[in-house]
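Working notes for the structure below.
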DNA sequence: GCCAACGTTGGC
DNA sequence: GCCAACGTTGGC
């Protein structure tokens with residue numbers, strides 16, 4: 001199993017929105033990704049993989065955990081390219097649980113063990129990998 | 001609101 | 001295939 005981190009601007013789609021949707025039994029399609037590295041990461045996701053839910057711009061903190069419940073499939077919001085093909089993909093996710101204590105970007109940056117986290121190293125990448133050790137540490141820091 | 005980092009586009 | 005110009009993301 002692999003671990004990931006997915007960013008969302010909370011004024012567009014927050015972790016609260018995510019949990020409400022899961023409670024209603026609706027999967028969330030992670031649409032709107034228009035970056036090949038982020039897309040490739042999504043295409044590598046397996047069923048049951050876990051991801052941190054990160055609030056970008058507002059909050060700048062890891063607020064919860066989500067789970068992959070459908071493998072990558074064409075993004076229904078994407079326009080076909082000039083060959084009529086949709087190159088953008090998304091996975092479906094559901095909320096697992098919030099972090100009791102959200103972990104801020106400032107805290108992550110102040111933690112030497114997390115200096116290589118892709119969130120820090122590749123700040124513009126919206127879907128990034130998280131190592132197993134990094135995952136466990138952030139869960140602990142988040143009060144789990 | 002500014003700017004650094006980085007991805008994409010298009011001319012050559 | 002290189003690289004300059006431009007656009008976008010996201011932290012500050």
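In this note's numbering, the protein residues as written are 1 to 144.
Ideal Cβ positions, reconstructed from N, Cα and C, are used throughout, including at glycine.
So, residue i versus residue j, is the Cβ gap smaller than 9 Å?
i           : j           : result
residue 130 : residue 5   : yes
residue 127 : residue 88  : no
residue 134 : residue 105 : no
residue 45  : residue 78  : no
residue 136 : residue 120 : no
residue 62  : residue 99  : yes
residue 125 : residue 22  : no
Would you list the residues sitting across from residue i in a DSSP beta bridge?
i           : result
residue 52  : 5 and 65
residue 34  : Residue 34 is not bridged to any residue.
residue 94  : 67
residue 128 : 5
residue 74  : 89
residue 28  : 93
With distances taken from CA atoms, which of the options is nearest residue i?
i           : options            : result
residue 144 : 125, 113 and 97    : 97
residue 57  : 12, 28 and 76      : 12
residue 3   : 76, 107, 21 and 42 : 42
residue 50  : 1, 142 and 138     : 1
residue 141 : 27, 30 and 101     : 101
If residue i sits next to residue j, beta carbons under 8 Å apart, how far is it from one beta carbon to the other, in whole angstroms?
i          : j          : result
residue 70 : residue 18 : About 15 Å separates the two Cβ atoms, so there is no contact after all.
residue 8  : residue 53 : 7 Å
residue 64 : residue 10 : With a Cβ gap of about 11 Å, residue 64 and residue 10 do not count as contacting.
residue 93 : residue 67 : 6 Å
Continuous alpha helix (DSSP H) assignments of at least 4 residues falling wholly in the stretch 98-122 | Runs of the alpha helix (DSSP H) spanning 4 or more residues and lying entirely within the stretch 98-122 occur at 105-109 and 118-121, in chain order.
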